[in-house]
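>
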Amino acid sequence: MTSSRKFLVGGNWKMNGSRQLVETLVKALNEGSWSNNVECVIAPPSPYLHQVRSTLRSEVGVSAQNIWTEAKGAYTGEISHEMLTDLSIKWVILGHSERRAIFKESDELVGKKVANAVKAGLNVIACCGETEAERDAGNTTEVVFRQIKAIASQLSAADWSKVVIAYEPVWAIGTGKVATPQQAQDAHKEIRGWLAANVSKEVADSTRILYGGSVSAKSSPDLQKEQDIDGFLVGGASLKDQEFLQILNSRL
Ligand code: PEP
0 MTSSRKFLVG
10 GNWKMNGSRQ
20 LVETLVKALN
30 EGSWSNNVEC
40 VIAPPSPYLH
50 QVRSTLRSEV
60 GVSAQNIWTE
70 AKGAYTGEIS
80 HEMLTDLSIK
90 WVILGHSERR
100 AIFKESDELV
110 GKKVANAVKA
120 GLNVIACCGE
130 TEAERDAGNT
140 TEVVFRQIKA
150 IASQLSAADW
160 SKVVIAYEPV
170 WAIGTGKVAT
180 PQQAQDAHKE
190 IRGWLAANVS
200 KEVADSTRIL
210 YGGSVSAKSS
220 PDLQKEQDID
230 GFLVGGASLK
240 DQEFLQILNS
250 RL
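Using numbering that gives the first Met the number 0, you'd call the opening residue of the sequence shown number 0 and step up by one each time.
1) Can you tell which of 116, 7 and 23 has the C-alpha that lies nearest to the C-alpha of residue 54?
2) With distances taken Cα to Cα, identify the nearest neighbour of residue 158 among 85, 128, 184 and 122.
3) Leaving aside the five residues before and after residue 131 along the sequence, list all residues of the same chain whose C-beta is less than 6 Å from its C-beta, in chain order.
4) Which residue from 135, 192, 119 and 107 puts its Cα closest to that of residue 153?
5) Using alpha carbons as the reference points, say which of 147, 119 and 216 lies closest to residue 87.
6) From residue 51 to residue 146, what does the alpha carbon distance come to, in whole angstroms?
7) Apart from the five residues on each side of it in sequence, which residues of its chain come closer than 7 Å, Cβ to Cβ, to residue 37?
8) Spatial neighbours of residue 4 within its chain, please: C-beta separation below 7 Å, excluding the five flanking residues on both sides.
9) Can you tell me where the beta strand (DSSP E) holding residue 62 begins and where it ends?
10) In whole angstroms, what separates the C-alpha of residue 62 from that of residue 90?
11) Under 8 Å by Cβ, that's how I've got residue 110 and residue 150 pegged, so tell me the actual separation to the nearest angstrom.
12) Is there at least one non-hydrogen atom of the ligand PEP closer than 7 Å to the beta-carbon of residue 143?
13) Excluding five sequence neighbours on each side, which residues of the same chain lie with their C-beta closer than 7 Å to the C-beta of residue 34?
14) What first and last residue would you give for the alpha helix (DSSP H) that runs through residue 29?
15) Per DSSP, residue 38 forms a beta bridge with which residues?
16) Between residue 172 and the ligand PEP, is the CB less than 7 Å from at least one heavy atom?
17) Please report the residue range of the alpha helix (DSSP H) in which residue 192 lies.
18) Can you check whether the CB of residue 128 is closer than 8 Å to the CB of residue 180?
19) Suppose you measure from the CA of residue 223 to the CA of residue 165; what does that come to, to the nearest Å?
20) Assuming residue 44 and residue 19 are in contact, meaning their beta carbons sit under 8 Å apart, how far apart are those beta carbons, in whole angstroms?
21) Which whole runs of the alpha helix (DSSP H) in the region 117-160 are 4 residues long or more, in chain order?
22) Based on the DSSP output, what are the partners of residue 162 in its beta bridges?
23) Is the closest heavy atom of the ligand PEP to the C-beta of residue 131 under 7 Å?
24) I need the DSSP call for residue 92, collapsed to helix, strand or coil.
25) For residue 11, is the beta carbon positioned less than 7 Å from some heavy atom of the ligand PEP?
Given below as structure tokens:
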């Protein structure tokens with residue numbers, strides 16, 4: 000049975016880019032083609048959001064990489080959902096492992112950020128994933144369930160239509176060490192099972208779960224075959240225009 004969940008490929012540029020690189024990557028996406036069954040969303044650093052949104056064709060989504068919980072005020076260095084809406088940016092990535100590890104974002108804060116973003120009308124790519132030590136200790140599901148629970152506890156069932164989960168094992172991010180299709184499928188199936196048991200069967204069936212962690216043009220064709228993999232969140236390879244187009248085209 001083919002899934003009704005539209006395949007989504009996100010490109011997380013992290014803290015990389017320049018006006019020149021924006022031009023190159025936007026040009027490639029404007030001129031490139033991929034299946035209508037694949038949705039694409041790219042996440043440039045916030046200084047380039049406006050340039051990207053105003054030059055990229057409208058069917059490609061644009062995402063911020065993080066926002067704060069409030070709409071405005073004395074939060075030096077932060078950006079808000081209100082600013083994204085003002086720039087016609089409809090997506091935000093929240094809870095990326097780099098935010099959790101480097102900027103010490105707790106499960107609770109990530110849950111609050113996701114809820115506030117959804118309530119402000121944004122679509123959210125909410126990230127979760129275990130470290131290598133947690134996987135080696137056999138704690139993968141415990142960690143991932145804890146992270147998802149902190150998000151789910153702040154959402155209504157209806158809110159889930161605005162949320163995409165990205166399962167990103169920390170040991171695979173930026174390391175070149177991609178999870179095997181089976182490892183990713185197993186984790187995605189567990190996450191979907193958790194949603195069915197703790198939110199609803201409808202939410203479990205309709206929520207897209209992306210895999211992230213060193214996805215490349217080489218690994219994407221096999222990963223996309225797995226039943227519970229509904230797309231990718233791509234870091235490093237999203238900065239290489241031709242490789243990112245190849246990843247978009249790994250799904251027909
Ligand atoms: C990411 O930043 O979400 C990511 C998965 O990075 P990479 O593809 O470089 O591992």
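Don't be surprised by glycine CBs; every beta carbon is placed ideally from N, CA and C.
In brief:
1) 23
2) 122
3) 170
4) 107
5) 119
6) Straight-line Cα distance between these residues: approximately 31 Å.
7) Taken in chain order, the residues that qualify are 6, 8, 247 and 250.
8) 205, 207 and 229
9) 60-63
10) When rounded, the distance between both Cα atoms is 4 Å.
11) 5 Å
12) no
13) 250 and 251
14) 18-30
15) In the DSSP assignment, residue 38 is bridged to 7.
16) yes
17) 180-197
18) no
19) C-alpha separation (whole angstroms): 14 Å.
20) Not quite, the Cβ-Cβ distance comes to about 14 Å (not below 8 Å), so this is no contact.
21) The region 117-160 contains these whole alpha helix (DSSP H) runs: 131-135 and 139-151.
22) 123
23) no
24) strand
25) In this structure, residue 11 has its beta carbon less than 7 Å from a heavy atom of the ligand PEP.
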